[in-house]
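For reference, the structure is listed below as structure tokens.
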Amino acid sequence: MSYIKEFKSLRLYKLFLEDENLKKLRSKDSFWKEVSEAYGVRRLIRPYLLRDPFYVVVDVGAGKGIFTTLTALMHPKTKVVAIDPDESVKWEHLKNLKNVETYKLSIYSEEFLKLLKGFKKVIMVGIHLCTHLAIRFAQVYNQLEEVRVGVLVPCCVGDYPEQTFKVIEEEIDKYTAWSIYLATLFKGKVKTKRDSKILSPKNILILATKDG
0 MSYIKEFKSL RLYKLFLEDE NLKKLRSKDS FWKEVSEAYG VRRLIRPYLL
50 RDPFYVVVDV GAGKGIFTTL TALMHPKTKV VAIDPDESVK WEHLKNLKNV
100 ETYKLSIYSE EFLKLLKGFK KVIMVGIHLC THLAIRFAQV YNQLEEVRVG
150 VLVPCCVGDY PEQTFKVIEE EIDKYTAWSI YLATLFKGKV KTKRDSKILS
200 PKNILILATK DG
């Protein structure tokens with residue numbers, strides 16, 4: 000079953016048809032693509048949340064918060080934190096979700112690091128983080144012991160050591176080479192996978208974990 004069919008089969012999908020704020024979210028041109036991305040990531044972190052619902056899930060670069068919304072609705076015992084520095088982003092649809100917190104913060108800020116340090120166990124998620132933001136994501140994961148699990152879905156390609164990854168690039172493509180390079184930046188146990196159910200060619204997921 001595709002992620003979109005699975006999403007439409009859920010009872011919570013009715014909320015996106017009936018709730019006024021969620022209907023606005025559904026009107027986004029990229030809605031179904033973002034739903035498929037959110038589902039792919041949520042499937043990776045689901046085992047951790049089933050084992051311990053008291054992880055805090057931090058959605059870095061949350062944008063409109065589709066991943067935040069789905070995760071909060073599907074895991075009501077789990078706190079989900081949406082992070083985005085863009086002051087123009089509106090989060091009215093998140094205000095009625097009691098397990099959601101929102102912050103206008105940069106991933107480079109001390110306030111962001113301080114926020115994460117205030118949680119005991121964090122699952123940090125970055126969907127479609129571009130270039131230097133993806134590198135910063137890996138740095139934060141490595142730096143903070145509180146971040147036990149990291150899931151990164153890379154987007155725009157940045158610079159990587161050509162002498163190491165040029166052969167990979169020639170055999171496959173730059174996005175895959177970039178994703179493989181990013182995976183090497185994470186400490187601990189790391190896995191990468193391409194998820195064909197995500198409605199985007201940029202569908203490689205990097206899972207890093209300190210929790211087995």
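Each residue of the sequence shown is one higher than the one before, counting from 0 in numbering that gives the first Met the number 0. A virtual CB, placed ideally from N, CA and C, is assigned to each residue, including glycine. What you are looking at is a predicted structure, and each value in this text was computed from that prediction instead of being measured.
Exercise. Give the straight-line distance between the Cα atoms of residue 7 and residue 39, rounded to the nearest whole angstrom.
Key: 15 Å
Quiz item: Quick one: what's residue 236 bridged to in DSSP?
Solution: Because the chain here runs from 0 to 211, residue 236 falls outside it and cannot be looked at.
Quiz item: In whole angstroms, what is the alpha-carbon distance linking residue 81 and residue 21?
Solution: 16 Å
Practice problem: For the alpha helix (DSSP H) holding residue 40, just list the boundary residues, first then last. | Solution: 30-50
Self-check item: Rounded distance between the beta-carbons of residue 194 and residue 204, thought under 8 Å
Solution: 6 Å
Quiz item: Buried or exposed: which applies to residue 33, given that a residue is buried once 16 or more other Cβ atoms fall within 10 Å of its Cβ?
Solution: buried
Practice problem: Evaluate contact between the region 137-147 and the region 175-190, counting only Cβ atoms and requiring at least three cross-stretch pairs below 8 Å. | Solution: yes
Quiz item: By the 10 Å Cβ neighbour count, where 16 or more other Cβ atoms means buried, how is residue 97 classified, buried or exposed?
Solution: exposed
Practice problem: Can you say whether residue 63 is buried or exposed, counting buried as having 16 or more other CB atoms within 10 angstroms of its CB? | Solution: buried
Exercise. Return yes when the Cβ of residue 59 is within less than 9 Å of the Cβ of residue 225, no when it is not.
Key: Since the first residue shown for the chain is 0 and the last is 211, residue 225 is missing from the structure and cannot be characterised.
Quiz item: Could you check where the alpha helix (DSSP H) with residue 139 kicks off and where it finishes?
Solution: 130-142
Practice problem: Determine the contact status of residue 126 and residue 30, defining contact as a CB-CB distance below 9 Å. | Solution: no
Quiz item: Whose C-alpha, out of 173, 171, 176 and 149, is nearest the C-alpha of residue 189?
Solution: 149
Quiz item: If you draw a straight line from the alpha carbon of residue 135 to that of residue 192, how long is it in whole angstroms?
Solution: 21 Å
Quiz item: With a Cβ-Cβ cutoff of 9 Å, do residue 11 and residue 69 count as a contact?
Solution: yes
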